[in-house]
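Enquirer: Before we start, here is the structure in question, set down as structure tokens.
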Amino acid sequence: DGGITQSPKYLFRKEGQNVTLSCEQNLNHDAMYWYRQDPGQGLRLIYYSQIVNDFQKGDIAEGYSVSREKKESFPLTVTSAQKNPTAFYLCASRRRAGGQDTGELFFGEGSRLTVL
Amino acid sequence: AQSVSQHNHHVILSEAASLELGCNYSYGGTVNLFWYVQYPGQHLQLLLKYFSGDPLVKGIKGFEAEFIKSKFSFNLRKPSVQWSDTAEYFCAVNLYNTDKLIFGTGTRLQVFP
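Here the protein sequences come in this chain order: V and C. Using the working numbering, read the first sequence as starting at 1 and increasing by one per residue. Using the working numbering, read the second sequence as starting at 117 and increasing by one per residue.
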């Protein structure tokens, strides 16, 4: 089945540690996204990538880093510089214009990070 | 900076009541507009979208939304809600010809039988 796989589903880390969240898609989508979801704040854009080896900061990129070495993969690293990392993280992908761009985002199941 | 506002944070309705959820965005250029829904324990999924043409768009499950360019609004409506519409609803804006897609803060809808 085509889709987006995020791992791990739940993750605990100690303060001061970096942690990397995995996001893999087999939809052959060009664009990939990372959002953070907090109660009452909706989805806030962390980073997005339009093509391999290219990515742009979203609205809350501080304390996060990403890479896009392969089309299928867009891992997110939550660094120790992120002041409030406990959150639910959502990865998404989207087929871009070039073909028929439906505009629709497809989401993974999310990763819940808790910093102890 | 671009932003999306959803003024109704929590809406409580009885079944068969009519629904209207507000969405306003701040961006002067061309936009594509979306409503997503997140049912309890499920993924976010697309409810409807507007790219161009008729500003009144229809989506799944009887939902519709109207794009009013002069008001920078894209309000979601349903004439008669059901208990199964209980969910969180998110408005989203894509800046035309970019991949940046911004979401609003969401509206939690509870429908009681």
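Backbone N, C-alpha and C define an ideal beta-carbon position, used for all residues, glycine too.
(1) From the beta carbon of C/Ile-218, is the nearest beta carbon of chain V less than 9 angstroms away?
(2) Mind listing, in chain order, the continuous beta strand (DSSP E) runs of no fewer than 3 residues lying wholly within the stretch 126 to 166 of chain C?
(3) Please determine if the stretch 177 to 186 of chain C and the stretch 6 to 25 of chain V are in contact, where contact requires at least 3 C-beta pairs separated by less than 8 angstroms.
(4) Name the chain C residues whose beta carbon is nearer than 7 angstroms to that of V/Ala-31?
(5) What does a CB cutoff of less than 8 angstroms around C/Thr-202 pick up in its chain, not counting 5 residues either side in sequence?
(6) Answer yes or no: does any C-beta atom of chain V fall closer than 9 angstroms to that of C/Phe-167?
(7) Looking at the strands, I want to know which residues DSSP matches up with V/Thr-114.
(8) Judging by CA-CA distance, which residue of C/Val-197, C/Thr-223 and C/His-159 is the nearest neighbour of C/Ser-134?
(9) In the DSSP assignment, find the unbroken beta strand (DSSP E) run with V/Val-60 in it and report its ends.
(10) Give me the subset of the stretch 70 to 93 of chain V whose CB atoms are less than 7 angstroms from a CB atom of chain C, sorted by chain position.
(11) Would you call C/Gly-76 buried or exposed, if buried means 16 or more other Cβ atoms sit within 10 Å of its Cβ?
(12) Give every residue of the same chain whose Cβ lies closer than 6 angstroms to the Cβ of C/Ser-119, excluding the five residues on either side of it in the sequence, and list them in chain order.
(13) Going by the CB atoms, is the gap between V/Leu-27 and V/Ile-4 shorter than 9 angstroms?
(14) Can you give me the Cβ contacts of C/Ala-132 inside the same chain, cut-off strictly under 6 angstroms, excluding the 5 residues immediately before and after it?
(15) Check whether the stretch 202 to 212 of chain C touches the stretch 83 to 91 of chain V, counting contact only when three or more Cβ pairs, one atom from each stretch, lie closer than 8 angstroms.
(16) Can you give me the Cβ contacts of C/Lys-194 inside the same chain, cut-off strictly under 6 angstroms, excluding the 5 residues immediately before and after it?
Expert: Once the coordinates are examined:
(1) yes
(2) 126 to 130, 135 to 137, 140 to 142, 147 to 154 and 160 to 166
(3) no
(4) Asp-215
(5) Tyr-155, Pro-156, Leu-225, Gln-226 and Val-227
(6) yes
(7) V/Phe-12
(8) C/Val-197
(9) For the sequence presented, residue 60 of chain V should be read as Ile rather than Val. V/Ile-60 -> no beta strand (DSSP E), and no H or E assigned at all.
(10) none
(11) The requested residue 76 of chain C is not part of the displayed model; chain C covers only 117 to 229.
(12) Ser-142
(13) yes
(14) Ser-196
(15) no
(16) Leu-135, Gly-178 and Phe-179
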